[in-house]
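**Q**
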Amino acid sequence: MDYKTERMIYQISETRNKILEHAEIMFIEEGLFETTMSNLAQTIGISRTSLYRYYRDKLELSLAIVVKRLKELNFNVDFKEEADRLPDGFGRVGLLLKRRWLAPEYDETYRFFAEFDAYYSGSRIPQEFRVKMDEALTPLKDLLLEKYIREGQKDGSIRTDLSDHLIHEIVGNGIRSFHQRLILRGSVLVDIPQEDLEIIMDEYHKVLMDGIKFSNGC
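Offset between the sequence shown (1-based) and the working numbering: plus 9.
As structure tokens, this is what we get:
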């Protein structure tokens, strides 16, 4: 019997849900840097030993919240009918980016994603990090973005000199990284004038879309 199987035997779904609920609140309100597993166990009213039966470390717990938030995001953001009415894949990609990444009602989720990325960087990246991320996030990959990119390449609205996979990574990582940086830093970004903060994501969206649009040279 491996360690994970042994832990599962002693788990109760009600306690697991309680841990996730409190951890999500603490990680978002106090941050991953400030929240310790000891503080979390004390807040919940269980021992650290009990907490570790459910989640072996902060990575496993915070990653569970990333997965939870991604599932909620994928479920809540519904624009497929509107997208299907657009004439080409280029327009559908642009709509997806606005509805899934730039809607202000999801800023709390993206702030948590940004903190997760900041925390698990440099020397804090554990050895098994990539394996765990692949296992947890691959089933939640944005297949709709890939689909719209392929449609755009087929209908002639998106450039074809780059693969659909590479365009997916450029667009997805680009808008995600820049948006999260703005959410975390906002008005203290010294390289962005204050009057530009309200329009900069819309303009970045336009620049990003211009970069994948088909032209005679692509």
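Ideal Cβ placement from N, Cα and C applies to all residues, glycine included.
On a predicted model such as this, the values are computed, not experimentally measured, just so you know.
1) Checking 8 Å against the spacing of the C-beta atoms, do Ile158 and Val102 come in under that value?
2) Buried or exposed for Glu160, please, with buried defined as at least 16 other CB atoms from any protein chain shown within 10 angstroms of its CB.
3) For the alpha helix (DSSP H) that Ile53 lies in, which residues bound it at each end?
4) Leaving out five residues on either side along the sequence, give the residues of the same chain with a beta carbon under 8 Å from the beta carbon of Asp173.
5) Counting pairs of beta carbons, one from the region 78 to 90 and one from the region 42 to 58, are three or more of them closer than 8 Å?
6) Could you tell me whether the Cβ atoms of Ala145 and Leu49 are closer together than 8 Å?
7) Taking C-beta to C-beta, are Val86 and Arg62 nearer than 8 Å?
8) Can you look up Lys89 in the DSSP assignment and give me helix, strand or coil?
9) What whole-angstrom Cβ distance do Leu111 and Leu153 have, given they're in contact under 8 Å?
10) Are at least three pairs of beta-carbons, each pair with one atom in the region 171 to 187 and one in the region 128 to 138, less than 8 Å apart?
11) Comparing C-alpha positions only, which one of Glu207, Gly165, Pro148, Asp116 sits nearest to Asp185?
12) State the DSSP-derived secondary structure class of Lys222, mapped to helix, strand or coil.
13) Determine, for Phe84, whether the minimum Cβ-Cβ distance to residues of chain C falls below 8 Å.
**A** The structure says:
1) yes
2) buried
3) 46 to 53
4) Glu155, Ile158, Arg159, Gln162
5) no
6) no
7) no
8) helix
9) So it is not a contact: roughly 16 Å between Cβ atoms.
10) no
11) According to the sequence provided, residue 185 is Arg. The question's Asp does not apply to it. Among Glu207, Gly165, Pro148, Asp116, the Cα nearest to that of Arg185 belongs to Asp116.
12) strand
13) Looking for chain C here will not work: only one protein chain is present.
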